[in-house]
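Structure first, then comments.
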Amino acid sequence: MRRTPTIVTALAAAAAATALLLTGCVAGEGSAAEPKSTSGTTQGGTLNIDFATYNPLSLVIKKEGWLEKALKKQGITVNWVQSAGSNKANEALRSGAIDVGSTAGSAALLARSNGSPIKTIDIFSQPEWSAIVVGPNSDITSVEQLKGKQVAATKGTDPYFFLLQALEANGLSAGDVTIQNLQHADGWAALQNGSVQAWSGLDPIMANAEKSGAKLIYRNVSFNTYGFLNATESFLKDKPDVAQTVVNTYEYARAWAQEHPDETAQILSDVAGIDKQVATTVITERTNLDVSPIPGDAQVKVLKKVGPIFVESGDVRAQSDIDAALKSLLDPSFAKAADPSAIAG
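Read left to right, the sequence shown gives residues -27 to -1, 1 to 318 (mature numbering (1 follows the signal peptide of the UniProt record, and there is no 0)).
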């Protein structure tokens, strides 16, 4: 993550980048081309939004109280719900437990392909948050050696799809291993107690595991999809002004986090219960916040590679469902209209 000289510089750069993107073809297939109307202001009610250790910007926003301050004049309260993984965020979005939730791009595509009425309204990061992990004393050094082994992964999340891609890239398939569907923290616990021989990990748990001696035997940043901020279609239809405030706040937080990497790492350390040094590694080495927030062609490109794997693994019924989801998932209008200066620090 690159540092910026001042928050004013960061905000100005974000505005300039947005202006340039507006002049080019940046929207994904079937994406809305113009910002939604925000005439009329929502009054009263509750915004249900998630926070997650794999989404550092959500932690910063929650800690600093910017969203509460921005929505207070509308009489809207903010209810924060923790997501333990993209799969849990998707479950909460689908059930209506949250209005806005953070997932990996792959998980958002999976959910939309299977009928979940969500839209991606902001890209919060381009992380390298997954890798194949083995224990400190393991003699496994390559993906090929996983054949016939037990591997932990959380279905419906980037680490799961990272595992499938890693197997394919190394001449194996999901059928060549036994995948134990465990939540991220449980996967690391299973690796520690010997229940599995490998784990498709997720930061910051993975970075903390490294400190304990765990070894990353396979990394590939291109297999990690972007960090997607998603919202339910009903929320976007009924409260577009609140959705815009959420995106404004995310873009304010992005500039703040880039200027304050040490404080951002401390917030992650406190919430995740990990060593500050480990949190710093996650923030400065594996989290790229210097990325366009506008969902568009870059995300479509990476998701087109992941989509067919969903069909092959049986996670999605047909490629036609993937194609339809790709045309309807991304909504760049809110990120295009983002105004970080509307948020009071």
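We put the beta carbon where it would ideally sit given N, CA and C, even for glycine.
Predicted model, so just to flag it, every value in this text is computed and none were measured.
Query: Between SER265 and LEU303, what straight-line distance do the alpha-carbon atoms span, to the nearest angstrom?; Result: 14 Å
Query: With DSSP run on the structure shown, which of helix, strand or coil describes LEU74?; Result: The sequence as given places Gly at residue 74; Leu does not occur at that position. In this structure, GLY74 counts as strand in the three-state DSSP scheme.
Query: For the segment 209 to 284, which segments carrying the alpha helix (DSSP H) assignment without a break, of at least 4 residues, lie completely within its bounds, in sequence order?; Result: 213 to 232, 234 to 245 and 249 to 258
Query: First and last residue of the alpha helix (DSSP H) that includes PRO305?; Result: Unbroken run through PRO305: none, as it is neither H nor E.
Query: Counting C-beta neighbours from all protein chains within 10 Å, is the total for ALA315 16 or more, i.e. buried, or is it exposed?; Result: exposed
Query: In angstroms with no decimal places, state the Cα-to-Cα distance between PHE24 and ASN143.; Result: 35 Å
Query: Using the three-state DSSP reduction, which class does TRP102 fall into: helix, strand or coil?; Result: coil
Query: Along the chain, where does the alpha helix (DSSP H) containing ALA65 start, and where does it finish?; Result: 59 to 68
Query: Whole angstroms are fine: how far does the CA of PHE307 sit from the CA of ALA317?; Result: 19 Å
Query: Helix, strand or coil, according to DSSP, for LEU20 in the structure here?; Result: strand
Query: Quick one: what's got a C-beta closer than 8 Å to THR239's C-beta in the same chain, skipping five residues either side?; Result: A quick correction: the sequence has Gln, not Thr, at residue 239. These residues qualify, in order along the chain: LYS249 and ALA252.
Query: Determine the closest residue to TRP102 out of PRO268, SER301, TYR133 and ILE91, with distance taken between C-alpha atoms.; Result: TYR133
Query: What residue range is occupied by the uninterrupted beta strand (DSSP E) comprising PHE201?; Result: 200 to 205
Query: Assign THR114 to one of two classes, buried (16 or more other C-beta atoms within 10 Å of its C-beta) or exposed (fewer than that).; Result: exposed
Query: Judging by CA-CA distance, which residue of GLY200, ASP243 and THR222 is the nearest neighbour of ASP312?; Result: THR222
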